[in-house]
Structure formats: structure tokens, C-alpha cells
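Just so you know, the protein sequences line up as chains S and A, in that order.
To convert, take the position in the first sequence, counting from 1, and add 132; that gives our numbering.
To convert, take the position in the second sequence, counting from 1, and add 86; that gives our numbering.
Report on the following structure.
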Amino acid sequence: MDTLTTIDELGFAPALQQEVLEDRTSDHALLEATRTGDQDAFAELVSRYRNQITSYIYRMTNDYDGAVDLAQETFVRVYRAADRYQRSYAFSTYIYRIATNLAISELRKRKRRKLVSLTGFFLPSDGGEPKELNPPDCRPLQDSELVDTERRNAVQRAISTLPEKYRAPLILRDVDGRSYDEIAKILETSEGTVKSRISRARGFLREKMRAYL
Amino acid sequence: MRENNCEVIRRELDELMLDESFSTSAVAHLKECAACREFHERQTKLRRMVGSLGTVAAPADFDFRLRARLTNDSTNGAFHYWPLIQKGFAIAAVVIVFAFGVVVVKNLVDQPKATVVENPPAPQPPVPHESLALPASAEHTAGVPTSSPHKIRNERTAQPAAKIRRPMASTDFSKTGVGVIPASEAVSTDTGPAFTIDTSLEPLRLSLDDGRGNAKTISVPTIRFGSQQMLPNKNQLAQKGIW
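This is the structure:
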């Protein structure tokens with residue numbers, strides 16, 4: 133029987149090393165490092181989530197510049213609250229929750245401001261929902277890319293008319309592809325509520341996008 | 087029964103991700119139910135369209151701007167608390183205004199106001215004429231001719247109710263005394279003696295005693311023009327049948 137001289141001679145040594153390495157690069161570990169003042173760790177976290185968060189807030193607010201501002205505010209809050217962060221949830225759930233709250237409060241602010249919309253002039257006489265000013269374009273189509281772009285714009289506009297309580301779960305599910313469980317945690321509600329809201333949101337969208345279906 | 091089944095199948099289709107496979111019952115149902123098949127096709131198309139929105143990239147200077155923002159925040163640390171400070175100021179202002187209001191209201195309530203005082207008649211034994219001497223303090227004696235049976239007393243410092251036999255409505259305007267009108271200041275006029283009265287804002291109260299225990303309290307309103315003739319008509323203050 134041979135005698136072991138080093139621990140590397142054990143078979144599981146490389147696996148252990150890999151696990152430690154992964155742990156060091158996990159979101160939790162990066163935030164832990166941020167807490168101790170490691171700026172690079174925070175930069176890594178930002179690079180992981182900046183596109184997701186910006187995109188999510190943009191889909192919620194339909195305003196790119198505002199979405200970038202709010203995404204930055206999200207990271208500022210994460211940075212400031214790094215000391216208070218608890219590992220009970222995944223970091224992605226945590227940061228999406230902050231982003232959702234910021235986006236919803238921005239939508240409420242906009243409601244309070246009651247911006248005068250040009251489309252408001254095209255309110256139907258029966259008092260129904262305002263219709264987007266979308267004059268028919270009778271010119272021949274240029275190419276399929278334009279059609280796709282137009283369709284995406286229509287979808288984005290339709291999403292932005294959804295009530296905020298339906299908008300967030302729909303985006304998280306159908307755009308970001310998150311699980312019901314995670315969405316429920318982000319929105320701090322039950323899975324059943326999430327499922328029912330998503331179903332209703334799709335129903336609304338189906339009505340609005342009838343011309344494209 | 088079939089409608090219920092459709093509902094269950096549609097819910098299942100709705101909850102699955104696009105790339106997930108359906109249950110065998112769902113597949114079987116879709117084969118035979120045209121309405122659910124159409125629903126599924128439209129729903130799938132819609133979800134693909136929504137999913138095609140994809141991710142919007144953050145701007146290239148995102149990190150730079152974020153770093154600048156964090157640096158700015160850390161240098162202006164005090165301003166993190168500015169909203170709280172503003173709220174504190176607002177609350178303090180409200181408290182001050184409220185306290186001021188309370189003080190003003192309290193002052194208004196505490197102002198001397200006309201109160202109707204029921205003066206119960208106090209039993210008073212008849213006093214002999216000689217004993218109707220002036221009170222111990224000569225200062226409280228109004229200047230009345232000694233030949234006159236009337237004694238005019240300033241009752242601001244005395245108990246007004248003690249010498250009134252019947253309930254009378256009187257007004258106590260002041261708790262502080264006023265100056266005594268000396269007899270030498272009485273000026274004889276055609277209609278009776280006149281007294282020069284200080285033109286203070288406080289009304290004067292006089293008590294007349296006929297020497298037999300009958301008293302009459304007179305409240306003279308504020309005099310503004312230096313003098314007022316007292317007792318213009320003797321009968322005015324006299325109790326009928328007594329004077």
C-alpha cells in the first residue's frame with residue numbers, strides 16, 4: 133500500500149479547487165467582496181447584470197434614457213445596501229426586485245404627472261381606451277426586417293399599455309424567461325397570482341395584437 | 087365536460103414554456119379540439135413575438151457613469167440625508183405653527199370677557215347710621231358730602247356680592263383697583279355733584295348704600311372724554327319707595 137505524500141494525490145482535489153473557484157465568482161461572493169471594498173467585484177456584478185436590468189426596465193417603462201438612469205439607480209442601491217444584503221434569496225431575485233420597485237414607482241410618478249399624450253387627441257368617442265396614432269402606411273414594404281421591427285414596436289407599445297401589475301410578470305416570463313417561482317419572489321406574491329396575472333396579460337395582449345396574429 | 091377539459095388543457099399550455107413538451111392528454115386533446123388548437127397556435131405566435139423583443143444593451147458608458155455617480159454620492163455623503171432633513175424641517179415647522187395656534191387660542195379664551203355673575207343676596211343685619219362709617223381704609227371712600235345719606239364706594243377691591251340683597255346681573259370687569267375719587271374733586275352742578283373720573287378703559291363700579299342695608303351697585307361704562315356727570319337724575323338710581 134502506497135503512502136500519500138500530498139493532498140493532491142487524492143482524487144477529489146481538482147474538483148474541490150473548481151468548487152472554490154466557482155464560489156469565488158458567485159454573485160453572493162462578489163457582493164461579499166464588494167462589502168469589503170473590492171471595487172472590481174462590484175464591477176463584475178455590474179457587467180453581469182447591466183444589460184438585463186436596463187432591458188427589463190426599458191420594457192417596463194418604454195423609455196430608454198429613463199431605463200438607463202433607473203438601472204444605474206438600481207446598482208447604486210445595491211452598492212449602498214451591500215452591508216444589509218441577506219443571502220436568503222438569489223442575488224438576481226434581489227436586484228430584479230429593486231429594479232421592479234423603481235420601475236413601478238417611475239410609472240406611478242408618470243401617472244401623477246399626467247403627461248399630455250398626443251394620442252389622447254384620438255380618444256374614441258365612446259370613452260374607451262385611447263388608440264395609438266398609427267396611420268396606415270400604404271407604401272410597399274421594403275423588406276422583412278422592417279416588418280419585424282414594426283412588429284416588435286407594436287408589441288412594445290402593446291406591453292406598455294398593460295397595467296403595471298400585469299406588465300412586470302409578463303416581461304419576466306415571456307421576455308426574460310424566468311420561472312414562476314422566481315417571478316413570485318421578485319414580485320413578492322404567490323405563484324398562483326403570478327400565473328393568473330400572466331394569463332390575463334396575455335389575454336390583453338392578444339386583443340391588442342389581433343391584427344398581427 | 088369537454089369545456090372543462092378545454093379549460094384545463096389551455097391552462098396547461100399557457101403555463102408551459104414554449105420549448106417544453108406537453109402531456110400526452112394535452113397532445114391528444116389538441117388533435118381532436120380545433121378551438122384549442124387555434125388558441126394554442128395564436129398563443130404560441132404571440133409569445134414568440136413577445137419573446138423576440140430580446141435584450142436591449144446598456145450604453146457603452148454605463149460603467150463610467152455609474153462609477154461617477156457612486157463617487158459623487160460618496161463625496162456628497164451629507165446629501166444622502168437631505169430628504170430626511172427636509173422632512174424634519176417640515177415637521178418642525180408644522181409643530182411650531184401648531185404651538186403658536188394653541189397659544190393664540192389660549193390667549194383668546196383667557197381674555198376677560200363679560201360674565202354674568204349671579205350675586206345671591208347676602209343677609210346683612212341692619213346697621214345703625216353711625217356705624218355706617220367709612221371703611222377702615224379711607225382710600226376706598228368716595229368723596230361724598232357728609233350730609234348726604236349716600237355713600238359711594240369703589241368696590242373693585244371689595245367683595246361686590248356681599249351687600250346686594252337681591253340677585254343682580256353685574257359685570258366684573260376688572261380685578262384691579264382703581265383710584266379713589268376724593269370728595270374734594272366733586273364739582274357741584276345744577277343737577278348734582280359731578281366727579282372727574284379717570285379715563286381708563288376699565289369701567290367703574292360703584293356701590294350706593296342708604297345706611298339701612300339697602301345697596302345698589304352701579305356699573306359705569308368706560309368714560310372717554312374726561313368727565314361724566316354722575317347721578318343726573320336722582321330717581322334713576324333710587325329704589326322706589328326707599329330713597
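Using N, Cα and C, we set each Cβ at its ideal position, and we do this for glycine too.
Since the model is a prediction, treat every value here as computed from it, not as a measurement.
- Among the residues of chain A, those whose CB is under 8 Å from the CB of D306 (chain S) are R133, V136, G137, following chain order.
- F148 (chain A) reaches chain S at V178, R182, T186, V200, A203, Q204, counting residues in chain order whose Cβ is nearer than 8 Å.
- Annotation: the continuous alpha helix (DSSP H) that includes S331 (chain S) extends over 323 to 340.
- Scanning its chain for C-beta atoms nearer than 8 Å, with the 5 sequence neighbours on each side dropped, one finds around E98 (chain A) the residues F108, S109, A112, in chain order.
- According to the DSSP secondary-structure assignment, R133 (chain A) is paired through a beta bridge with no residue.
- The Cβ atoms of R338 (chain S) and L139 (chain A) do not sit closer than 9 Å to each other.
- Taking C-alpha positions only, G324 (chain S) is separated from I315 (chain S) by approximately 11 Å.
- By the Cβ rule, the region 186 to 202 of chain S counts as touching the region 228 to 236 of chain S, because three or more pairs are nearer than 8 Å.
- For Q129 (chain A), the chain S residues whose Cβ falls inside 8 Å of its Cβ are R334, R338, in order along the chain.
- Assigned with DSSP and collapsed to three states, D275 (chain S) falls in coil, not helix or strand.
- Between T206 (chain S) and I236 (chain S), the gap from beta carbon to beta carbon reaches 9 Å or more.
- Taking CB atoms only, E101 (chain A) has a neighbour in chain S less than 9 Å away.
- Of all C-beta pairs linking the region 160 to 176 of chain S to the region 273 to 282 of chain S, fewer than three are shorter than 8 Å, placing the two stretches out of contact.
- Boundaries for I230 (chain S): no beta strand (DSSP E) harbours it, while the alpha helix (DSSP H) harbouring it runs 223 to 245, taken from the DSSP string.
- Annotation: Cβ neighbours of M341 (chain S) in chain A (cutoff 8 Å, chain order): L132, M135.
- Per DSSP, D159 (chain S) is one residue of the alpha helix (DSSP H) stretching across 159 to 167.
- For L139 (chain A), there is no enclosing alpha helix (DSSP H), as DSSP marks it with neither H nor E.
- Under the 9 Å criterion on CB atoms, G140 (chain A) is classed as interfacial with respect to chain S.
- Contact annotation, S187 (chain S) with V142 (chain A): C-beta distance approximately 4 Å; criterion of less than 8 Å satisfied.
- Along the region 95 to 125 of chain A, the positions whose C-beta sits under 8 Å from a C-beta of chain S are R97, D100, E101, M103, read in chain order.
- Among the residues facing chain A, A175 (chain S) is included, as its CB has a counterpart in that chain under 9 Å away.
- Proximity of L170 (chain A) to chain S, defined by a Cβ-Cβ separation below 9 Å, is not satisfied.
- Using a Cβ distance threshold of 9 Å, P145 (chain A) and V200 (chain S) count as a contacting pair.
- In the DSSP assignment, S107 (chain A) falls outside any alpha helix (DSSP H) and carries neither an H nor an E.
- A direct Cα-Cα distance of roughly 53 Å separates I304 (chain A) from I177 (chain A).
- Distance from the CA atom of K131 (chain A) to the CA atom of S331 (chain S), rounded to whole angstroms, is 15 Å.
- Annotated three-state conformation of A154 (chain A) is helix, per DSSP.
- According to the DSSP assignment, I315 (chain S) belongs to no beta strand (DSSP E) but to the alpha helix (DSSP H) extending over 312 to 319.
- Burial of H115 (chain A) is indicated by the presence of at least 16 other C-beta atoms within 10 angstroms of its C-beta.
- Each of S:I303, S:P301, S:H160 was checked against the Cα of R216 (chain S), and the nearest Cα belongs to S:H160.
- Within 10 angstroms of the beta-carbon of K243 (chain S) lie fewer than 16 other beta-carbons, which makes it exposed.
- Contact note: A176 (chain A) does not reach chain S at a C-beta cutoff of 9 Å; the least C-beta distance is about 19 Å.
- Judged by DSSP secondary structure, T303 (chain A) falls within the beta strand (DSSP E) whose first and last residues are 301 to 306.
- DSSP, reduced to helix, strand and coil, places L294 (chain S) outside both helices and strands of the structure shown, so it counts as coil.
- CA-to-CA, the gap between Q218 (chain S) and T225 (chain S) works out to about 12 Å.
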